[in-house]
Amino acid sequence: MSDSFLCTAEEVLSLNFDEKTSSKLVYKSKVVMSVTERPYLRMLLSQFENMCLRRVLEVGFGLGISAEIIQKTIRPIETHDIIEIESSLFQDLCEFGLRYPIVRPIHGNCYTYDFRGEYDFLFFDPYDYMISDEEYMDENELMGFYQTEEVALASRLLNNGGILCHPFFGDVNMPEISGFELQHCHSAKVPAFLLWDGTECETAQIGYYVKQD
Ligand SMILES: C[S@@+](CC[C@H](N)C(=O)[O-])C[C@H]1O[C@@H](n2cnc3c(N)ncnc32)[C@H](O)[C@@H]1O
Numbered sequence: 000m001s002d003s004f005l006c007t008a009e010e011v012l013s014l015n016f017d018e019k020t021s022s023k024l025v026y027k028s029k030v031v032m033s034v035t036e037r038p039y040l041r042m043l044l045s046q047f048e049n050m051c052l053r054r055v056l057e058v059g060f061g062l063g064i065s066a067e068i069i070q071k072t073i074r075p076i077e078t079h080d081i082i083e084i085e086s087s088l089f090q091d092l093c094e095f096g097l098r099y100p101i102v103r104p105i106h107g108n109c110y111t112y113d114f115r116g117e118y119d120f121l122f123f124d125p126y127d128y129m130i131s132d133e134e135y136m137d138e139n140e141l142m143g144f145y146q147t148e149e150v151a152l153a154s155r156l157l158n159n160g161g162i163l164c165h166p167f168f169g170d171v172n173m174p175e176i177s178g179f180e181l182q183h184c185h186s187a188k189v190p191a192f193l194l195w196d197g198t199e200c201e202t203a204q205i206g207y208y209v210k211q212d
């Protein structure tokens, strides 16, 4: 494992999870992540298997499921940086990094962290801990979100031709986003997985965005 980078206290969180096991993370009764997502994440990330990606950034370590899939299928050539905001999950990330020397753990907030350099691939899978039933985004709000923080981050951090990949659950169409071309977008039937509200879902979107010149 190479260096990890600590950021200021305001940029990180220490949370009391309702449940934190190797198969499930629950915060304030909401499912942050569960192992049931693994088959979908494997399907989503297998699109990039033979692409020889050099510099990979992953946002959100969670249970480390996508991190492991990225290591085993994408096999980044130069670096696999992973940023995690929550302190106990960052400790898990550091342990994961001991098994994969190319992994560089970063403790911080992806929206404010001062990343150095650009990436070929961004796997973007954070969780909004402020989420509540009322705040759950509908399709229009999702579009709005895409015009703002995530796109700004991806535009700033990706090389031209770089790939943005983001899990999309259910039948919601992946939105078009400015400055990116949407590729290979389709709906897929996947083994049932848990959504944040504890309901099950068997449909997810496969596709990704390529940053345009
Ligand atoms: C859905 S989980 C990620 C699941 C992960 N892909 C996996 O396979 O287990 C979301 C993660 O993003 C982290 N997170 C949320 N907001 C973040 C932010 N602004 N910057 C960095 N990490 C963040 C959460 O603490 C959590 O670990």
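Residue numbering for the sequence shown follows numbering that gives the first Met the number 0, starting at 0 and increasing by one per position. Beta carbons: idealized from backbone N, C-alpha and C, even for Gly.
Using the C-alpha atoms, what's the distance from T72 back to C51?
Working through the sequence shown from its first residue, we reach residue 51 at position 52. Working through the sequence shown from its first residue, we reach residue 72 at position 73. C51 and T72: Cα-Cα distance of roughly 10 Å.
Bridge-paired residues (DSSP) for S22:
As a first step, residue 22 is located in the sequence shown; it is residue number 23 there, counting from the start. Beta-bridge partners assigned by DSSP to S22: none are found.
Close Cβ partners of E83 (< 6 Å) along its chain, the five nearest in sequence each way excluded:
For the purposes of this step, residue 83 is taken as residue 84 along the sequence shown, with counting starting at 1. Within the same chain, E83 has close Cβ partners F60, F89, L92.
Following a CB-centred definition, is Y126 positioned closer than 6 Å to any heavy atom of ligand 1?
Locating residue 126 in the sequence shown gives position 127, counting from the first residue. Yes, Cβ of Y126 sits closer than 6 Å to a heavy atom of ligand 1.
S33 and L194: beta carbons closer than 7 Å?
Here the question's residue 33 lines up with position 34 in the sequence shown. Here the question's residue 194 lines up with position 195 in the sequence shown. No; because the gap between Cβ atoms is not below 7 Å, this pair is not in contact.
Spatial neighbours of E85 in its chain, beta-carbon cut-off 6 Å, leaving aside the 5 residues before and after
Stepping through the sequence shown from its first residue, residue 85 is reached at position 86. Cβ within range, chain order: L12, L14.
Is the beta carbon of A153 less than 7 Å from the beta carbon of L121?
Here residue 153 refers to the residue found at position 154 of the sequence shown. Here residue 121 refers to the residue found at position 122 of the sequence shown. A contact, by the Cβ cut-off of 7 Å.
Run the CB neighbour count on I76, radius 10 Å, all protein chains shown included, and call it buried at 16 or more, exposed below.
Looking up residue 76 in the sequence shown gives position 77. Per the 10 Å Cβ criterion, exposed.
K219: buried (16+ other C-beta within 10 angstroms of its C-beta) or exposed?
Beyond the ends of the chain as shown, which are 0 and 212, falls residue 219; an answer cannot be given.
For P166, which option in V102, N158, S45, L97 has the closest C-alpha, if you only look at C-alpha atoms?
As a working mapping, residue 166 is identified with position 167 in the sequence shown. Nearest option by C-alpha distance: S45.
Start and end residues, alpha helix (DSSP H) containing G96:
What you label residue 96 is simply residue 97 of the sequence shown in a count that begins at 1. 86-98 is the span of the alpha helix (DSSP H), which, as asked, contains G96.
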